[in-house]
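Asks:
Number of protein chains: 2
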Amino acid sequence: MSSIGRYEQMLREAELRVTRPRLAVLEAVHRHPHADTDSLLNAVRGDLPEVSHQAVYDSLNTLTAAGLLRRIQPRGTVARYESRVGDNHHHVVCRGCGVIADVDCAVGHTPCLTAADDHGFVIDEAEVIYWGTCPTCSMARA
Amino acid sequence: MSSIGRYEQMLREAELRVTRPRLAVLEAVHRHPHADTDSLLNAVRGDLPEVSHQAVYDSLNTLTAAGLLRRIQPRGTVARYESRVGDNHHHVVCRGCGVIADVDCAVGHTPCLTAADDHGFVIDEAEVIYWGTCPTCSMARA
DNA sequence: GAGTTTTCTTGACTCTTTCAAGATTACGGA
DNA sequence: TCCGTAATCTTGAAAGAGTCAAGAAAACTC
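One line per chain: the protein sequences are A and B, in this order. According to the working numbering, the first sequence is numbered sequentially starting from 4. According to the working numbering, the second sequence is numbered sequentially starting from 4.
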């Protein structure tokens, strides 16, 4: 099945209407993981030059709410999106250049999901962000 | 030693100038953990009615950079600050009302600091945010 | 106490994101 | 295939958090 066909199916399974902006947004996020909204808007306009920025914002929010995309937003950065959902992976962010990479957690399947004292909270997700320096920035500094 | 005396000492040890806005910001964050910038601005103006919002932003940034405060910013919220630094604790955020509580990580001293595949990054911090529902919101929902 | 440097005040401004109203499009059923 | 309804998109404005810049004030050094 074509990519577009897969995206269409994903939308239908989520009971969302299939629209050109949404397909283009899905395509853009799949092709540019960890991209910010502005980059995605540009990417989407490669397919649909006339799309409004509002449609992209709406689509990103809708698709995120439906679980088709995941929003990540390390402190101090704008929102970024990725298409890898449902596998509980985490991210490492470079303090130098801001680049983001995926990491699987060392601890296992639902890492750290047990807090020492949960204060009575019902916890359903543990989000881990590793901060550090990427190879390129390490090299440049040395 | 008075609180103010302690804060003054903290500033000097960090090689920062001791100014009234900074003392008031330290005091405000110690008294209102997890408060956002706007609440802190109001709290600071309880002591220093004429302080500018810029001074509060500057102080928060400076104190955070110096390691005297810690900035936390779960996705979708504005920046919040706390005075508990250096002990690698984490946070649980309520999806319902947004309240934040401190948690110590179950895994040990430097939880999750070892990613399964670090992509060559030099990792220096692992930030964990637990998402869930607080007791009050759980109660209200039932 | 004087000089130097940092910090604060003031006010405007940027950037990301959201709101609102009307036009358009997608989908279910005839 | 066409219609009606409801969701979605376009357009344009605006809100909110945070930053920039220039001059005034305060803190520290000697």
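All C-beta atoms in this analysis are idealised placements derived from N, C-alpha and C, irrespective of residue type, glycine included.
Compare the C-beta of A145/B against all C-beta atoms of chain A and say whether one is closer than 8 Å.
Replies: Here residue 145/B refers to the residue found at position 142 when the second sequence is read from its first residue. Judged by the 8 Å Cβ criterion, A145/B is not in contact with chain A.
Asks: Within this structure, are the beta carbons of G99/B and T136/B separated by less than 8 Å?
Replies: Counted from its first residue, the second sequence places residue 99/B at position 96. Counted from its first residue, the second sequence places residue 136/B at position 133. Against a cut-off of 8 Å, the Cβ pair of T136/B and G99/B comes out as a contact.
Asks: L63/B to C140/A, Cα distance in whole Å?
Replies: One-based indexing of the second sequence puts residue 63/B at position 60. One-based indexing of the first sequence puts residue 140/A at position 137. Rounded to whole angstroms, L63/B to C140/A spans 27 Å at the Cα level.
Asks: Are any of the Cβ atoms in chain B nearer than 8 Å to that of D121/A?
Replies: Looking up residue 121/A in the first sequence gives position 118. It does: the Cβ of D121/A has a partner Cβ on chain B nearer than 8 Å.
Asks: Output the distance between the C-alpha atoms of G89/B and T67/B, rounded to the nearest integer angstrom.
Replies: What you label residue 89/B is simply residue 86 of the second sequence in a count that begins at 1. What you label residue 67/B is simply residue 64 of the second sequence in a count that begins at 1. C-alpha separation (whole angstroms): 12 Å.
Asks: Could you tell me whether any Cβ in chain B is nearer than 8 Å to the Cβ of E53/A?
Replies: Looking up residue 53/A in the first sequence gives position 50. Not an interface residue.
Asks: Within 8 Å of any Cβ in chain A, is that where the Cβ of R87/B sits?
Replies: One-based indexing of the second sequence puts residue 87/B at position 84. No, R87/B does not count as interfacial toward chain A.
Asks: How would you list, in chain order, the residues of chain A whose beta-carbon sits under 9 Å from the beta-carbon of Q76/B?
Replies: Residue numbering aside, residue 76/B sits at position 73 when the second sequence is read from its first letter. Q76, P77, R78, G79, listed in chain order.
Asks: Cα-Cα, which of L44/B, M142/B, Y133/B is closest to V96/B?
Replies: Position 93 of the second sequence, counting from 1, holds the residue named residue 96/B. Closest option to V96/B, Cα to Cα, is Y133/B.
Asks: Restricting to Cα atoms, I'd like to know which of V47/B, T65/B, H37/B is closest to R1/B.
Replies: Outside the displayed range of chain B (4 to 145) lies residue 1/B, so it cannot be described from this structure.
Asks: Under the three-state reduction of DSSP, which class applies to E16/A: helix, strand or coil?
Replies: Walking along the first sequence from the start, residue 16/A turns up at place 13. It is helical.
Asks: By the three-class DSSP mapping on this structure, what secondary structure does C140/B have?
Replies: As a position in the second sequence, residue 140/B is number 137, starting the count at 1. Helix, per DSSP.
Asks: Assess, as a yes-or-no matter, whether the stretch 44 to 62 of chain B is touched by the stretch 76 to 87 of chain B under the definition of 3 or more beta carbon pairs within less than 8 Å.
Replies: No contact exists between the stretch 76 to 87 of chain B and the stretch 44 to 62 of chain B.
Asks: I'd like to know whether the C-beta of C100/A is nearer than 8 Å to at least one C-beta of chain B.
Replies: Within the first sequence, numbered from 1, the residue matching residue 100/A stands at position 97. With 8 Å as the cut-off, C100/A does not count as an interface residue toward chain B.
Asks: Does V95/A get closer than 8 Å to chain B when you measure Cβ to Cβ?
Replies: Translated into positions along the first sequence, residue 95/A becomes position 92. It does: the Cβ of V95/A has a partner Cβ on chain B nearer than 8 Å.
Asks: Any idea what DSSP makes of A58/A, helix, strand or coil?
Replies: Within the first sequence, numbered from 1, the residue matching residue 58/A stands at position 55. Reduced to three states, the DSSP call for A58/A is helix.
Asks: Could you check which residue in N45/B, V54/B, R25/B has the C-alpha nearest to that of L72/B?
Replies: By one-based count along the second sequence, residue 72/B stands at place 69. Out of N45/B, V54/B, R25/B, R25/B has the C-alpha closest to the C-alpha of L72/B.
Asks: Tell me which same chain residues have a C-beta within less than 7 Å of the C-beta of E11/A, skipping the five on either side of it?
Replies: Numbered from its first residue, the first sequence carries residue 11/A at position 8. Hits under 7 Å: V21, L26.
Asks: Taking the Cβ atom as the reference point for each residue, do A231/B and L14/B lie within a distance shorter than 8 Å?
Replies: Because chain B spans 4 through 145 in this model, residue 231/B falls outside it and cannot be assessed.
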